[in-house]
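Trainee: Numbering (the working numbering), first residue to last: -19 to 285.
Think of the CB as a built atom: it goes at the ideal place given N, C-alpha and C, for glycine as much as any other residue.
Note that the structure is a prediction, hence the values are computed from the model and not measured.
One structure, pasted below without further comment.
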Ligand SMILES: *Cc1c(COP(=O)(O)O)cnc(C)c1O
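Rendered as structure tokens:
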């Protein structure tokens, strides 16, 4: 079992919240585990337990060269005494970036494939080929979203969060949002901020909800306006925002997920999206390992703890 640290919900105080008469807090999932932080802790927890229950000794998963999921999977497997294999998108990717160096340090065996091949990663032929190469393994999909991941993320919200009128989270595959939706209370509104460009995510989330028989008691809002250019893309406005947020609140954000979500949230506040008396919980889903990779790639140093 992966064991969680107690997670704090910290109030965020700012004149604009007073002016709009709203209360805002942040759930610091980035501190749930030292080496498996953020939502990835919840997504991996039951999957690794299942791998062990099935008697597997190795997990295999997929990701990009800077992936939080690869970083967390490597650490979680190491933590539980499982071997790990990471199939990385792009033969041309930077093999010594901080994320992959860390994963390798945790004992993950990295295997680089072309972008074309990567697109076929969910086909039976490809999985069979991997089994031929590596032997038996427990497969965790790219981004880690599957029913056991959703079971894990449905445990993020607890009784202590019933008082909130709004819950805000970032969206990648939607697995975290789906779990949150499952534990949503009546009259709560869950707002997901997509870090990917495009409306396709609405359909994907719909399918995820149907496939996992999730019928949220509360209301869902999916926001696709705050992708800042698309997945893993960024603007100087976003970088400035992350710096400003650090200065105001002492909380580091990442540029792929949490920075976009919190920037989107502030924009909604300014546009009076939240009525007076709203109590809003922002979920810090982690991702801070990526700030080292971001520095490695761009030379821009983002705040980190
Ligand atoms: C992976 C990740 C997400 C996206 O989670 P999904 O369940 O794929 O939607 C959001 N925030 C951070 C920091 C992540 O690492």
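Within a Cβ cutoff of 8 Å, which residues of the same chain sit near residue 59, ignoring the five residues on either side of it in sequence?
Mentor: By one-based count along the chain shown, residue 59 stands at place 79. Here the set comprises -18, 15 and 16.
Trainee: Thinking C-beta only, is residue 160 closer than 8 Å to residue 137?
Mentor: Counting from one through the chain shown, the residue named residue 137 turns up at place 157. Counting from one through the chain shown, the residue named residue 160 turns up at place 180. Taking 8 Å as the Cβ cut-off, residue 137 and residue 160 qualify as a contacting pair.
Trainee: What I want to know is whether the C-beta of residue 157 ends up closer than 7 Å to one or more non-hydrogen atoms of ligand 1.
Mentor: Start at 1 with the first residue of the chain shown, and residue 157 comes out as number 177. Residue 157: yes, Cβ under 7 Å from ligand 1.
Trainee: Grouping DSSP H, G and I as helix and E and B as strand, with all else coil, what is residue 125?
Mentor: Within the chain shown, the letter at position 145 stands for residue 125. Coil at residue 125, not helix or strand.
Trainee: Where does residue 130 land, buried or exposed, given buried means 16+ other C-beta within 10 angstroms?
Mentor: Start at 1 with the first residue of the chain shown, and residue 130 comes out as number 150. When all chains shown are included, residue 130 counts as buried.
Trainee: Quick one: does the C-beta of residue 207 sit closer than 7 Å to a heavy atom of ligand 1?
Mentor: Here residue 207 refers to the residue found at position 227 of the chain shown. No - ligand 1 has no heavy atom lying nearer than 7 Å to the Cβ of residue 207.
Trainee: With a cut-off of 8 Å on the beta carbons, I'd call residue 284 and residue 232 a contact; round off their distance for me.
Mentor: In the chain shown, counting from the first residue as 1, residue 284 sits at position 304. In the chain shown, counting from the first residue as 1, residue 232 sits at position 252. Residue 284 to residue 232, Cβ: 5 Å. Contact.
Trainee: Name the two residues that bound the continuous beta strand (DSSP E) containing residue 146.
Mentor: Indexing the chain shown from 1 puts residue 146 at position 166. Counting along the chain, the beta strand (DSSP E) containing residue 146 begins and ends at 146 to 151.
Trainee: Taking DSSP's pairing of strands, which residues face residue 62 in a bridge?
Mentor: Against the chain shown, residue 62 aligns to sequence position 82. Paired residue(s): none; residue 62 is not in a bridge.
Trainee: Any contact between the segment 260 to 267 and the segment 135 to 150? By contact I mean 3 or more CB pairs, one from each, below 8 Å.
Mentor: yes
Trainee: Out of -11, 11 and 10, which one is the CA nearest neighbour of residue 3?
Mentor: In the chain shown, counting from the first residue as 1, residue 3 sits at position 23. When each option's Cα is compared against that of residue 3, the closest is -11.
Trainee: How would you write the range of the beta strand (DSSP E) that residue 92 sits in, first residue to last?
Mentor: Position 112 of the chain shown holds residue 92. Note, residue 92: beta strand (DSSP E), 89 to 93.
Trainee: Assuming contact is defined by CB atoms lying nearer than 8 Å, are residue 37 and residue 65 in contact in what I supplied?
Mentor: Start at 1 with the first residue of the chain shown, and residue 37 comes out as number 57. Start at 1 with the first residue of the chain shown, and residue 65 comes out as number 85. For residue 37 and residue 65, no; Cβs fall outside 8 Å.
Trainee: Could you tell me if residue 163 is buried or exposed, where buried requires 16 or more neighbouring beta carbons within 10 angstroms of its beta carbon?
Mentor: Against the chain shown, residue 163 aligns to sequence position 183. Residue 163 is buried by the Cβ-count criterion.
Trainee: Can you give the Cα-Cα distance for residue 107 and residue 101, rounded to whole angstroms?
Mentor: In the chain shown, residue 107 corresponds to position 127, counting from 1. In the chain shown, residue 101 corresponds to position 121, counting from 1. Approximately 7 Å, taken between the alpha carbons.
Trainee: On a CA-only basis, which of 45, 56 and 78 is nearest residue 72? Give me that one, please.
Mentor: As a working mapping, residue 72 is identified with position 92 in the chain shown. Distances from the alpha-carbon of residue 72 to those of 45, 56 and 78 put 45 closest.
Trainee: Note down the Cα distance separating residue -14 from residue 96, rounded to an integer number of angstroms.
Mentor: Counting from 1 along the chain shown, the entry for residue -14 is found at position 6. Counting from 1 along the chain shown, the entry for residue 96 is found at position 116. Computed Cα separation, rounded: 42 Å.
Trainee: DSSP on residue 175, reduced to helix/strand/coil?
Mentor: One-based indexing of the chain shown puts residue 175 at position 195. In the three-state reduction of the DSSP assignment, residue 175 falls in the coil class, being assigned neither a helical nor a strand state.
Trainee: Please name the residue in 23, 115 and 84 whose C-alpha comes closest to that of residue 158.
Mentor: Position 178 of the chain shown, counted from the first residue, corresponds to residue 158. Checking every option, the nearest Cα to that of residue 158 belongs to 23.
Trainee: Can you list, in chain order, the stretches of the alpha helix (DSSP H) that have 4 or more residues and sit fully within the segment 193 to 281?
Mentor: 216 to 229, 238 to 250 and 270 to 278
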